[in-house]
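To keep things clear, I will list the structure first and then write my remarks on it.
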Amino acid sequence: MKRYAIGILAAIVLCMAGTAYAHHSSAGVDTTKSITVEGTVKLFKWANPHSWIELEVINSKGAPELWNFEMTSPALLVPSGWKATTLKAGDKVKVTGRPLKSGEPGGLFVSVTLPSGQVLGQGTPATVTTPVPVKP
Numbered sequence: 312m313k314r315y316a317i318g319i320l321a322a323i324v325l326c327m328a329g330t331a332y333a334h335h336s337s338a339g340v341d342t343t344k345s346i347t348v349e350g351t352v353k354l355f356k357w358a359n360p361h362s363w364i365e366l367e368v369i370n371s372k373g374a375p376e377l378w379n380f381e382m383t384s385p386a387l388l389v390p391s392g393w394k395a396t397t398l399k400a401g402d403k404v405k406v407t408g409r410p411l412k413s414g415e416p417g418g419l420f421v422s423v424t425l426p427s428g429q430v431l432g433q434g435t436p437a438t439v440t441t442p443v444p445v446k447p
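My numbering applies: residue 312 is where the sequence shown begins, and numbers increase by one.
Listed below in structure tokens is the structure:
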């Protein structure tokens, strides 16, 4: 009986470890800074556990650069006015986010300014703020 209990406990610990490994932290993101980039939506992925925006941005050398912004889940975006069809490939938008510490193009999503001028974030509409743009 004791071996059976130890086996069950080991299985539970392994399941929990797998879940913890599958989810990641924002340790690679500089949460003290914000960046704003303007570009063309290449892909908007509306999926769990995180939605994504792939944005083609023209860099300072005039070359296209692909920026990836990780968002929260669709269930948390909907109360802020998001839909699966909010962004489409080809849309020209401004995205504000927290940059990656590595310096790679991308970061953690904060808000987007749509072609209409509407600003959407990840919080409820009452908590969405427009951060001060910082050139990368």
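Just so it is clear, CB atoms sit at the ideal spot from N, CA and C, and this is done for glycine as well.
Same chain, Cβ closer than 6 Å to Phe355, neighbours up to 5 away in sequence not counted: Ile364, Leu398
Assumed close pair Ser345, Thr424 - CB separation to whole angstroms, cut-off 8 Å: For a cut-off of 8 Å, the C-beta gap from Ser345 to Thr424 is around 13 Å, too long to register as a contact.
Cα-Cα separation, Gly350 to Pro410: 16 Å
Cβ shell of Leu388 (< 7 Å), same chain only, five flanking positions each side left out: Ser362, Met382, Gln433
Where Pro375 falls: helix, strand or coil (DSSP): strand
Extent of the continuous beta strand (DSSP E) to which Leu366 belongs: Under the DSSP assignment, Leu366 falls in the beta strand (DSSP E) whose first and last residues are 363-369.
C-alpha distance - Trp357 paired with Ala395, whole-angstrom precision: Roughly 6 Å between the two C-alpha positions.
Coil, strand or helix - Lys391 by DSSP: In the sequence as displayed, the identity of residue 391 is Ser instead of Lys. Shown here, Ser391 sits in a helix according to DSSP, grouped into three states.
Cα-Cα separation, Asn370 to Asp341: 20 Å
Beta carbon of Val352 nearer than 9 Å to that of Val421: no
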